[in-house]
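Residues 81 to 482 (the working numbering) are what the sequence shown spells out, left to right. Note that beta-carbon positions come from the ideal geometry of N, C-alpha and C, so glycine has one too. Worksheet: the structure to be examined is printed underneath.
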Amino acid sequence: MQNSLQNSELNNREDVAETRISFGASSALALFDALKQHKIKDEEVWALGNRIRVCSERENHWVGDDLHNTETGELYAGNGNLWSCGSKLCPSCVAKASNRSRNELKLSLKNQKLLTGEMYQFITLTIPNPNLSLIQTRTLIDRIWTLFRKRDYFKNKVRGGSKSEEFTLTENGYHYHYHLLCVTRFLNFTEFRREWSECIEIAFREFNLPCEFKTDDGLAMVKIKRLSSSVNGLKGAIQEVCKYVTKSDSWEKLPQKDLIEIASIKRFWRMFEIFGSFRVQRNANVVLESPNVFITYLLSKLVVEILKYIQTGERNTILDTKQISDGECSSEFQDLPEKVPKRQRELSWRKYILENGLESYFEKLAEQVGKTRYARKCFLSLKYKFAMFRTLDGVSFSFEQL
Ligand SMILES: [Zn+2]
């Protein structure tokens with residue numbers, strides 16, 4: 081294991097880590113700039129910017145070589161962050177959420193069985209640009225989706241699927257669209273578009289907006305692509321559905337007002353959703369599929385106890401709360417069973433600021449980050465005993481060094 085064959089893989093992981101560090105740092109800067117320009121004093125938003133900045137520090141990001149897959153023993157290189165801010169504006173935390181969605185979707189797909197006449201389809205739903213702010217656009221498209229889902233047409237044709245959302249910023253405002261990966265019966269293209277277009281018209285009317293489809297047939301643009309049900313056929317679609325913003329200029333391009341607006345959302349909406357037949361296995365425990373389930377379970381329990389001990393008085397950072405409400409989710413141990421014992425939830429950082437002020441919060445944050453980083457290093461070293469890790473500021477850690 082000394083002469084790892086995975087140097088190129090490790091270099092890749094390093095590149096990913098570097099990209100996240102610089103993207104995260106520039107996200108935080110863009111937010112600070114916007115706050116200064118608009119003279120915003122809101123302590124919570126300033127704290128959020130700081131959390132993103134801390135999450136993007138070099139010492140918060142690790143790369144490791146010779147991590148092993150617990151099922152196959154296969155070695156691989158990995159990367160991650162030690163403490164997680166959990167913000168939607170943080171590239172590392174968004175990547176993590178997206179990874180989680182991908183696993184959730186893969187598990188759902190594994191449990192699907194196509195019935196006669198059914199198929200997998202990849203559908204892109206678009207709406208005419210309403211010329212509103214990002215959040216207003218999102219509220220609008222969400223309303224359209226709700227109308228669409230409740231239709232008999234939808235219920236008859238679509239048995240289950242996943243939905244993710246994406247937006248691009250153009251000169252004419254936001255283009256918001258949905259990607260669906262679903263199990264459907266045969267879909268007549270025109271009929272499908274008509275149903276979707278009707279929902280758009282109803283919602284636009286509710287919002288008092290003019291609605292015009294700039295297509296030849298006066299219906300909304302929709303893309304429907306049938307997928308092969310093979311693993312490979314679905315792979316690309318899974319990537320597409322669970323992708324995330326990776327460009328470092330994405331947040332800088334956003335108008336400052338919108339950036340502040342997004343940063344001020346306390347509970348961010350879920351950008352990935354599973355519905356219908358895809359939901360059945362949602363809470364299944366991925367770990368239970370491992371042949372070493374008992375050992376994995378014991379190990380995770382042990383780690384939980386260690387973390388509890390180290391973090392006495394702190395909120396339990398190993399709970400994967402699934403939903404990234406902005407800044408509430410603090411960690412991502414994907415290999416841990418979901419049902420780890422819950423601890424009394426501590427005061428959230430937002431409440432803490434309200435009660436104790438920003439100064440005191442920064443002190444608390446520094447302490448919490450330090451403890452969490454240390455605990456994560458212990459966890460990684462314990463779990464991957466043969467691996468060599470280092471943080472991006474050049475400090476190495478491993479089981480032997482524990
Ligand atoms: Zn983060």
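Residues near residue i by beta carbon distance below 7 Å, same chain, minus five either side
| i | result |
| --- | --- |
| residue 274 | 299 |
| residue 432 | 441, 444 |
| residue 293 | 208, 277, 299, 300 |
| residue 310 | none |
| residue 338 | 213, 214 |
| residue 173 | 135, 164, 165, 166, 167, 404 |
| residue 282 | 227 |
7 Å Cβ cutoff met for residue i and residue j
| i | j | result |
| --- | --- | --- |
| residue 253 | residue 211 | yes |
| residue 279 | residue 227 | yes |
| residue 214 | residue 241 | no |
| residue 340 | residue 114 | yes |
| residue 224 | residue 169 | no |
| residue 263 | residue 231 | no |
| residue 100 | residue 171 | yes |
| residue 111 | residue 343 | yes |
| residue 336 | residue 481 | no |
Other residues of its chain near residue i: CB distance less than 6 Å, five sequence neighbours each side excluded
| i | result |
| --- | --- |
| residue 435 | none |
| residue 306 | 199, 201 |
| residue 468 | 145, 478 |
| residue 203 | 260, 304 |
| residue 243 | 258, 260, 353 |
| residue 429 | none |
| residue 284 | 291 |
| residue 247 | 254, 256 |
| residue 289 | 210 |
| residue 456 | 162 |
| residue 471 | 139, 142 |
| residue 185 | 242, 318 |
Residue closest to residue i, alpha-carbon to alpha-carbon, out of the options
| i | options | result |
| --- | --- | --- |
| residue 319 | 147, 429, 180, 476 | 180 |
| residue 200 | 331, 308, 449, 479 | 308 |
| residue 332 | 432, 249, 88, 149 | 249 |
| residue 357 | 93, 207, 190 | 190 |
| residue 220 | 472, 256, 176 | 256 |
| residue 449 | 112, 97, 161 | 161 |
| residue 129 | 262, 312, 438, 99 | 438 |
| residue 175 | 355, 475, 97, 297 | 97 |
| residue 92 | 265, 345, 157 | 157 |
| residue 272 | 205, 247, 103 | 205 |
| residue 187 | 359, 470, 473 | 359 |
| residue 286 | 337, 222, 270 | 222 |
| residue 229 | 482, 355, 475 | 355 |
| residue 322 | 154, 152, 245 | 245 |
| residue 270 | 288, 251, 297 | 297 |
Beta-carbon contacts of residue i that lie in its chain and below 8 Å, excluding the five residues immediately before and after
| i | result |
| --- | --- |
| residue 315 | none |
| residue 193 | none |
| residue 295 | 301 |
| residue 159 | 93, 94, 96, 97, 141, 142, 143, 144 |
| residue 197 | 265, 266 |
| residue 334 | 110, 214, 249, 342 |
| residue 22 | Since the displayed the chain opens at 81 and closes at 482, residue 22 lies outside it and no answer follows. |
| residue 154 | 148 |
| residue 88 | none |
Any C-beta of chain C under 7 Å from that of residue i
| i | result |
| --- | --- |
| residue 352 | In summary, chain C is missing from the structure at hand, where a single protein chain is found. |
Next on the checklist: Using 8 Å as the cut-off, can you tell me whether the stretch 99 to 110 makes contact with the stretch 131 to 142, which would need three or more C-beta pairs spanning the two stretches below that distance?
Outcome noted: yes
Next on the checklist: Quick check: the stretch 428 to 446 against the stretch 459 to 473, are at least 3 beta-carbon pairs closer than 8 Å?
Outcome noted: no
Next on the checklist: Using 8 Å as the cut-off, can you tell me whether the stretch 343 to 350 makes contact with the stretch 229 to 236, which would need three or more C-beta pairs spanning the two stretches below that distance?
Outcome noted: no
Next on the checklist: Between the stretch 117 to 127 and the stretch 141 to 157, can you find at least three pairs of beta-carbon atoms closer than 8 Å?
Outcome noted: no
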